[in-house]
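These notes concern the structure reproduced below.
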Amino acid sequence: MSQAPAQAIYLKDYLPPAFTTKETFLDFELLADHTLVRSRLKVVRNPKRQDASNEFKLDGNELELLEVKVDGQALSEADYELTATSLTLNLDKDAFEFECTTRIYPDRNTALEGLYISGGMYCTQCEAEGFRRITFFQDRPDVLSVFTTRITADLEKYPTALSNGNQVSRIEQDGKVVAEWHDPFPKPSYLFALVAGDLICQQDRFTTQSGREVLLQIFVEQGNEHKCDHALESLKRSMRWDEEVYGREYDLDLFMIVAVDHFNMGAMENKGLNIFNSSCVLATPETATDEAFARIEGIVGHEYFHNWSGNRVTCRDWFQLSLKEGFTVFRDAEFSSDMGSRAVKRLEDVSFLREHQFPEDAGPMSHAVRPASYMEISNFYTVTIYEKGSEVVRMLRTILGAELFRKGSDLYFETFDGQAATTDDFVWAMEQVSGRDLAQFKRWYSQAGTPRLDISRTFDVDSGVLSLKAVQSTPTTADGSAKEPFVIPVELGVLGDNGQQLELTADDDRFDLQRGVWLIDASEQTLELKLANQTDTTPVVSLLRDFSAPVLLSDDLSDQERIQLIASDSNGFNRWEQCQIIYKKLIIQHVNGGFDSSLLDGLKTSLIQLLNDSDVEHAVKAELLNLPSESEFLQLVPSINILSVAQARKGLRVWMAEALKAQLEQLFVDLNQEQQYRFEPKQVGIRKLKNLALEYLMLADLSSFQPIALKQFETATNMTDQLSAFRFIVKHADEASAERVSDAFLNQWRDDVQVLEQWFRVQVSRSDSKTLSRVSALLSHELFEYQNPNKVRAVIGAFAMANVESFHSADGSGYEFLAKQVAKLDQMNPQIAARLISPLVKWKSYDQARGLQMKVQLEGLSKLELSKDLYEVVSKSLS
Ligand code: ARG
Ligand code: ZN
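Residue 847 in our numbering sits at position 852 of the sequence shown, with consecutive numbering throughout.
What follows is the structure in structure tokens.
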């Protein structure tokens, strides 16, 4: 664990280094109980640095320094300054060669940063600051060098020895393998990768648009070779898509992916050698759900797209992280939309944003898309940087239009290729191609917080003018600063009684009549729309179509108007959104006393109509019946009792199940047809809707439908159907049945790591008086491992994040359990500990009693000696 005092680092203090490394030669000797790393660096003065500093500062963390040389001369301790985190030299030279040798212990590395061992194979994770755990280096993204890497390892144990770029030589001699790799593209150290193990590879080929052949390889442990097809297909689709949609071609002759079981995040875009959490790459229809297939496609795409948005153009400093992550999430979301159902992808992304990012923005870890400061950068791989960052890019495209946006992206890649850039550079490119001034828009990068946007109508029958008045405000966030107005693009339509778009005119340079985009850039602003034809009632407006900006919108539509939009809006997103608004209203009503029955009646009619509408995709129907998560209510009603919300939500589900029973039964019968599994949008939609129907039917009539679920569990030929049935039985059936299917599932799948993870997740999802003891028992299960982040997330994480009723139980036992586990995990893996604590950090949003119980646990943690990662989160949440 890093013992350095936790200090904040500020964007305003950014200074280019005095020297920069141009070439890096690394020599790894992988020995039985340690590894020797020899590095040789070609260093020159950095033209970007203005003053005449002679400081050559290298980062290091937990390294044993064996030797240092400059231009071939060994240095003594008096020639440099060595601290726990750095090695600094003062050199009055314009260019020199620096060499050093370090010893590291990969087998003791439980933080999973730097070089570590996963299931007997060596692998690396260097982003953001893991390279400094391998050797002393200018471990900052604005230092780009060409890497040549030699790996020497035991031939029998590690016949596969990989690094970035192309293999230049490979020798097998005296029981050793010596492999040398060269990556011609200059890169920062965070993109370095090394893998050594006994791996099997599946391969394929891809011909780029300019006709170059690229070899594609996926390396896995023995026994997993049949699980690579989907990832390989996804990779080829990603490569083709980036050529077609962004004009980006792959640039090396080889692209490798390696699957490892121990990994802190999803995957990593190391140049030419992506390293993946095995759960984000391995899949067969029998072992992976449709959701997993979709996630794999998205992540394979994401990491591949980084080759341009991240690697060819990288980040100047870590405050710019969203430059690559926000843009790349936007790119992968568009890719997934093109491969699958665009409508469903948008609904899922908006739900995710509201469930996770909005609360983050309202809590103690709130930060801007381009943060102003951080203590530990690992804590800033957040939904704000990734998902809100993607929304910001999306808004740029909405404002510019697709064509100019593409021009801007071309200019960005062309101008900054091979360089380390900033979010300002990205916006600059968009300004250049559009001639727009985006200075105010950039507040989306610099200001944290979720804007509240209120839009109300006034209609003048005589003149036929509909006035929309917008008021925006953004609550203060953790940094305490006042918020200036954002530029908010609102896509809208004005509708007649049966949903047809009304003809209108407008004389307002902030409204793009053709695309229906209104730019709101003041705290108060009015738009006047003149209707072409006479009407005597205030027309209905469909606002914020496709969620055109990440804001919390309130409007003045009546329930009746919402019901009308559900039936007739041409914008599919808004039909779903209006359902969500009504669900939220009903749930809040229930918390305060009971449902309003006339609203229920109206809802029932609309839902039946939607379910019977053959123009609505199956998957969209399923999404329409999905209720907003509990966490969304904390944003709407401060201090609301989360257990009352959970109960109300359950009550509404039961009501829907009963109200729609006939339709759901019919759907279940119609859709429950055996077919050869394929991961394609129609089939995915059918399985989604069919399984949703089954769960609702169990809620309405358990005794009739539990046997049907059990039969599906036993006879399913794909994991989507099997896991759905398994999950429903464990959640809703009696305890004995839940235990029986759990044992059966475990027996069937105990040797499959990916499925086992799902088993753990389902185990902690059941809420009853024994939940916590069941969760605790799982931690001593023979197949559980504290050192494996996936298993930790599947048990501890899933309990705290997905089992609302048990985690938030009134006695505070859930909170105490989590704090205890986090304290333990912090000793092994600070990154994981700091992430796992997040359900407690938003304690101020909960009712007072719960909030206090959470706070007590955080205070307990704050008294321990914590890693920098956990310290930052705990101290910010208590301040
Ligand atoms: N750049 C990776 C991705 O978005 C994330 C890796 C971050 N890893 C970490 N340990 N912080 O695909
Ligand atoms: Zn990424």
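Built from N, CA and C at the ideal position, the CB exists for glycine as well.
Everything numeric in this text was worked out from a predicted model, so none of it was measured.
Rounded to whole angstroms, what is the Cα-Cα separation between residue 543 and residue 739? 46 Å
Please state if the CB of residue 448 and the CB of residue 524 are separated by a distance shorter than 8 Å. no
Any heavy atom of the ligand ARG inside 7 Å of the beta-carbon of residue 875? Residue 875 is absent from the structure shown; the chain starts at -4 and stops at 874.
At the level of alpha carbons, what is the spacing between residue 271 and residue 529? 60 Å
What span of residues does the alpha helix (DSSP H) with residue 872 cover, start to end? 863 to 873
Mapping DSSP to helix, strand and coil, what is residue 75? coil
Would you list the residues sitting across from residue 549 in a DSSP beta bridge? 449
Residue 310 to residue 431, Cα distance in whole Å? 24 Å
When DSSP labels each residue in this structure, what does residue 145 get in the three-state scheme? strand
Three-state secondary structure (DSSP) at residue 156? strand
If you draw a straight line from the C-alpha of residue 303 to the C-alpha of residue 383, how long is it? 20 Å
Given this structure, state the Cα-to-Cα distance separating residue 371 from residue 295, to the nearest angstrom. 27 Å
The ligand ARG and residue 589: does the residue's C-beta get closer than 7 Å to at least one heavy atom of that ligand? no
In DSSP terms, what residue 484 is bridged to: 514
beta-carbon residue 298 near the ligand ARG non-hydrogen atom, thresh 7 Å: yes
For residue 301, is the beta carbon positioned less than 7 Å from some heavy atom of the ligand FMN? The ligand FMN is not among the ligands present in this structure, which contains only the ligand ARG and the ligand ZN.
Hey, could you find the ends of the alpha helix (DSSP H) residue 581 is sitting in? 567 to 586
Range of the contiguous beta strand (DSSP E) that encloses residue 9: Premise fails: residue 9 is in no beta strand (DSSP E) and is neither H nor E.
Would you mind working out which of 859, 807, 128 sits nearest residue 822, comparing C-alpha positions? 859
Return yes when the Cβ of residue 288 is within less than 8 Å of the Cβ of residue 225, no when it is not. yes
Taking 7 Å as the cut-off, is the CB of residue 669 close to at least one heavy atom of the ligand ZN? no
CA-to-CA distance, residue 581 to residue 647, given in whole angstroms: 8 Å
Leaving out five residues on either side along the sequence, give the residues of the same chain with a beta carbon under 7 Å from the beta carbon of residue 192. 115, 116, 117, 153, 155
What three-state label does DSSP hand residue 785 in the structure shown? helix
Taking a contact to mean a Cβ-Cβ separation below 8 Å, would you say residue 655 touches residue 602 in this structure? yes
Taking the alpha-carbon positions, what's the residue 56 to residue 506 distance? 54 Å
From residue 592 to residue 443, what does the alpha carbon distance come to, in whole angstroms? 40 Å
Going by beta-carbon coordinates alone, are residue 129 and residue 99 separated by less than 8 Å? yes
Is there contact between the stretch 336 to 355 and the stretch 395 to 414, where contact requires at least three CB pairs shorter than 8 Å? no
Residue 264 CB to nearest heavy atom of the ligand ZN below 7 Å: yes
Check whether the Cβ of residue 122 lies closer than 7 Å to any heavy atom of the ligand ARG, and answer yes or no. yes
Straight-line Cα distance separating residue 830 from residue 864: 9 Å
Do residue 157 and residue 251 have their C-beta atoms within less than 8 Å of each other? yes
If we count the other Cβ atoms within 10 Å of its Cβ and call it buried at 16 or more, is residue 586 buried or exposed? buried
Assign residue 477 to one of two classes, buried (16 or more other C-beta atoms within 10 Å of its C-beta) or exposed (fewer than that). exposed
Residue 480 versus residue 469: straight-line alpha-carbon distance, rounded: 8 Å
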